[in-house]
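Below you'll find the structure, written out as structure tokens, and then a few comments.
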Amino acid sequence: MDELESIIEAQREKDNFWWTIEFSTPLSDNSEELLSTVAALSDSIGSYIFTEKDSEGNERLFLRADYDGTKPLDDLMFMVNFILKDKDFKDIDLTRAYKTSNQPWEKQHYDAFPPLNVGKSLVVMAPWHEKEEIAPNRTPIYIYPSTAFGTGYHESTQIAMTLLEEVVKEGDTILDVGTGTGILFITALKLGADKAIARDIDPTTLDEAKRNMNLNGINPKVCELSEGDLLKGFKGQVNILTANILLNPNVSMLPDVRPVLKPKGFAIFSGMTSVESSMFLSVLNSSGLEIDKELKIGDWWGCRATKSWS
Ligand SMILES: C[S@@+](CC[C@H](N)C(=O)[O-])C[C@H]1O[C@@H](n2cnc3c(N)ncnc32)[C@H](O)[C@@H]1O
212 MDELESIIEA QREKDNFWWT IEFSTPLSDN SEELLSTVAA LSDSIGSYIF TEKDSEGNER
272 LFLRADYDGT KPLDDLMFMV NFILKDKDFK DIDLTRAYKT SNQPWEKQHY DAFPPLNVGK
332 SLVVMAPWHE KEEIAPNRTP IYIYPSTAFG TGYHESTQIA MTLLEEVVKE GDTILDVGTG
392 TGILFITALK LGADKAIARD IDPTTLDEAK RNMNLNGINP KVCELSEGDL LKGFKGQVNI
452 LTANILLNPN VSMLPDVRPV LKPKGFAIFS GMTSVESSMF LSVLNSSGLE IDKELKIGDW
512 WGCRATKSWS
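All residue numbers for the sequence shown refer to the working numbering, where the first residue is 212 and numbers rise by one.
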């Protein structure tokens, strides 16, 4: 083999494999967020999340993360092990690491994210499904599955989307707190809302939300995206507020929600388990809000609330 051929061969080899590392952790309220954070911190180029039962029948959440095959595996493992030393990730196990050959990354993702019907009128699709037939009664929401939370595959997102599709109307302004991929505000805009304000405490999610806006043909002029902690510093009033976070941030935000809702506005909360619902509802009632609808999918629970006037 001459020098040029060996360079080409080396390049082909580089292009044709990825490192794949699989992490797992017991299923909990924040397990998906923790695994996604590990993938983001370790520069994964794409990841896929799934659940499986362990030998004792307990559900575990797995994240299979792909990495650039051009980097030495030793360096990658060193970095990953360093990240896992953080106390926040103490329950995360590195299950296995391997080379994924001759299996294009797009193909793996293609298989991993088939179109998913959500609620009565939505279908979440990865962009490579764009050409697939869409039922006439469903609006496609294109989401590029990457490291931000919000592929549509998590029940908490499906709860929020379903509660949202039932009330969003033309002309609405939505405030999406903890936007992740942007899936909730993109849904609202595609169902007729006029304007979206979206914030996330993690600034890295905002680029992903922008990419998804683009995929869905959303005019950037109707969206304000910023880094932000819950409702801190937010001034203004909206027709719909969405927050698919977790029990504690949702509860701590509740006292600030009523003032940001317009008179007939709705607040949609998700990211909590059925067990946590009574705790959340007791604080909701003392925050000048009243329940409009509750929704449960699997172990997950969410609700829609309005201003109470009594
Ligand atoms: C469960 S994900 C929800 C993503 C998306 N909205 C969905 O429904 O799928 C929660 C998001 O909230 C963000 N988040 C967590 N704590 C937050 C806070 N205090 N303020 C704003 N965003 C926060 C996380 O970074 C994450 O992107």
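Note that the Cβ used here is the ideal one computed from N, Cα and C, for glycine as well.
Query raised in the report: Touch check for the stretch 295-314 and the stretch 336-346: three-plus C-beta pairs under 8 Å?
Result: The stretch 295-314 makes no contact with the stretch 336-346, as fewer than three CB pairs between them are under 8 Å.
Query - Assigned exposure category for GLU317 - 16 Cβ within 10 Å defines buried - result: Since pLDDT at GLU317 reaches only 48, below the 50 mark, its modelled position is unreliable, and no value is offered.
Query raised in the report: Between the beta-carbon of GLY499 and the beta-carbon of ARG469, is there less than 8 Å?
Result: yes
Query raised in the report: Rounded to a whole number of angstroms, what is the C-alpha to C-alpha distance between GLU501 and GLY447?
Result: C-alpha separation (whole angstroms): 21 Å.
Query - Which of helix, strand or coil DSSP assigns to ILE502 - result: strand
Requested in this report: Alpha carbon to alpha carbon, how far is ASN292 from ALA516? Give it in angstroms, no decimals.
Outcome: 43 Å
Query raised in the report: Which residues in the same chain have their Cβ closer than 6 Å to the Cβ of ALA359, if we skip the five residues on either side of it in sequence?
Result: GLY391, THR392, THR416 and GLU419
Query raised in the report: For ALA516, which three-state DSSP category applies?
Result: In the displayed model, ALA516 falls within a strand according to three-state DSSP.
Report task. Quick one: give me the first and last residue of the beta strand (DSSP E) that PHE525 is part of. Result -> Since the first residue of the chain shown is 212 and the last is 521, residue 525 is not available in this structure.
Query raised in the report: By how many angstroms is the C-alpha of LYS380 removed from the C-alpha of ILE232?
Result: 43 Å
**Report entry** ALA276: first and last residue of the uninterrupted beta strand (DSSP E) it sits in
**Finding:** According to the DSSP assignment, ALA276 belongs to the beta strand (DSSP E) that extends over 270-279.
Query - Cutoff 7 Å; reference VAL329; Cβ partners in own chain excluding five residues on either side - result: VAL335, GLY363, GLN369, MET372 and THR373
Report task. Please state if the CB of GLY482 and the CB of LEU442 are separated by a distance shorter than 8 Å. Result -> no
Query raised in the report: Run through DSSP, which three-state label would SER258 get?
Result: Of the three classes helix, strand and coil, the one that applies to SER258 here is strand, per DSSP.
**Report entry** DSSP state of PHE360 mapped onto helix, strand, coil
**Finding:** coil
Query raised in the report: From LYS281 to LEU287, what distance separates their C-alpha atoms?
Result: For the sequence presented, residue 281 should be read as Thr rather than Lys. Roughly 11 Å between the two C-alpha positions.
Report task. Return yes when at least one heavy atom of ligand 1 lies under 7 Å from the C-beta of ALA371, else no. Result -> yes
**Report entry** Residue environment, PRO414, which counts as buried when at least 16 other CB atoms sit within 10 Å
**Finding:** exposed
Query raised in the report: Which two residues bound the contiguous alpha helix (DSSP H) that contains VAL379?
Result: Premise fails: VAL379 is in no alpha helix (DSSP H) and is neither H nor E.
Query raised in the report: Are the beta-carbon atoms of ALA454 and GLY361 separated by less than 8 Å?
Result: no
Query raised in the report: Got a sec? Which residues, its chain only, sit under 7 Å from ILE397 by beta carbon, not counting five neighbours each side?
Result: ILE352, ASN423, MET424, ASN427 and ILE429
Report task. Identify the continuous beta strand (DSSP E) that holds LEU333 and give its terminal residues. Result -> 333-336
Query - Test item: CB-CB of PHE234 and ILE345 under 8 Å - result: no
Report task. Go ahead and label SER367 buried or exposed: buried means 16 or more other beta carbons lie within 10 angstroms of its beta carbon, across all protein chains shown. Result -> Burial call: buried.
Query - Residue interval of the alpha helix (DSSP H) (run including THR248) - result: 242-252
Report task. Pick helix, strand or coil for LEU287, following the three-state DSSP scheme. Result -> helix
Query raised in the report: Are the beta-carbon atoms of ASP279 and GLY257 separated by less than 8 Å?
Result: Result no, Cβ atoms of ASP279 and GLY257 do not sit closer than 8 Å.
Query raised in the report: Which of the three DSSP states, helix, strand or coil, is assigned to LEU207?
Result: In this structure the chain extends from 212 to 521, so residue 207 is not present and cannot be described.
Query raised in the report: When you compare only the Cα positions, how much space is there between ASN496 and LYS298?
Result: 36 Å
Query - Other residues of its chain near PRO325: CB distance less than 8 Å, five sequence neighbours each side excluded - result: Taken in chain order, the residues that qualify are HIS340.
Query raised in the report: If you run the structure through DSSP and keep just helix, strand and coil, what is ALA420?
Result: helix
Requested in this report: Identify the continuous beta strand (DSSP E) that holds SER470 and give its terminal residues.
Outcome: Note that residue 470 is Pro in the sequence shown here, rather than Ser. For PRO470, there is no enclosing beta strand (DSSP E); the residue is found in the alpha helix (DSSP H) stretching over 468-471.
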